[in-house]
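One structure is given below, encoded as structure tokens.
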Amino acid sequence: MTVPYTLRVAEDTADREACFAVRKEVFVGEQGVDEDIEYDAYDSGALHVLAVRDDGTALGTGRLLHGEVAAAKTGGDPRAGSLGRLAVKKEARGLGVGVALVGAIEDAARARGLTSVDLHAQTHALGFYERLGYVAYGEEFLDAGIDHRAMRKTL
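With the working numbering applied, the sequence shown corresponds to residues 144 to 298, in that order.
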């Protein structure tokens, strides 16, 4: 089944609210992440990407941190961006939405002169990111009660 959708940078309030609604459905609703920690101080300065079905329904989202705020998450490397909060609604999984979102975030990182992208992957998603060229490093760790590994891709 193919579902036509488009990707765009979430620049207005409605798009940002759609990003947060997808995250709430996936992380808070499905995975049980505490809503108080799902939204953070990084959201205001992040670049958010939104996947939207042709009828206007939000399907997925992800964000890119760059600059000083990203350096805190990437071991201090100012040339590395931090991909995070990648979420695809259950109805859109398996349709390529996640791959498209990661690609759009990587494109945004390149456009900002970044040379790599780091992320903290839930361990069940390691294979997804490995297929996209990310390499795990470091030990497994807990974030929001969920096992994660750090990963990096050179752009």
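No residue lacks a Cβ here, since even glycine has one placed at the ideal position from N, Cα and C.
G288 and Y182 have their alpha carbons spaced roughly 16 Å apart. Nearest Cα to V152 within the set V176, V171 and G188: G188. Distance between F170 and A194, taken at the CA atoms: about 17 Å.
Bounds of any beta strand (DSSP E) do not take in E249; it lies within the alpha helix (DSSP H) bounded by V240 to A254. Under the 10 Å beta carbon count, R228 is surrounded by 16 or more other beta carbons and is classified as buried. Relative to the Cα of S259, the nearest Cα in the group G199, R292 and Y277 belongs to Y277.
Pairing T204 with R255 gives a Cβ-Cβ distance that is not under 8 Å. Within its own chain, the residues whose Cβ lies closer than 8 Å to the Cβ of A201, once the five positions on either side in sequence are excluded, are A161, C162, A164, V165, L193, A194, V195 and K232, listed in chain order. Along the length of the region 155-192, whole alpha helix (DSSP H) runs at least 4 residues long occupy 156-166 and 178-181, reported in chain order.
Taking every protein chain shown into account, the CB of T156 has fewer than 16 other CB atoms within 10 angstroms, so this residue is exposed.
Residues of the same chain with a CB within less than 7 Å of the CB of T266, apart from the 5 flanking positions on each side, are E283, D290, H291 and R292 in chain order.
Of all alpha-carbon atoms in A223, D198 and K216, the one lying nearest the alpha-carbon of H263 is that of K216. Looking only at A251, A213 and E234, the smallest Cα-Cα distance to E173 is reached by E234. In the three-state reduction of the DSSP assignment, G205 falls in the strand class, which pools E and B.
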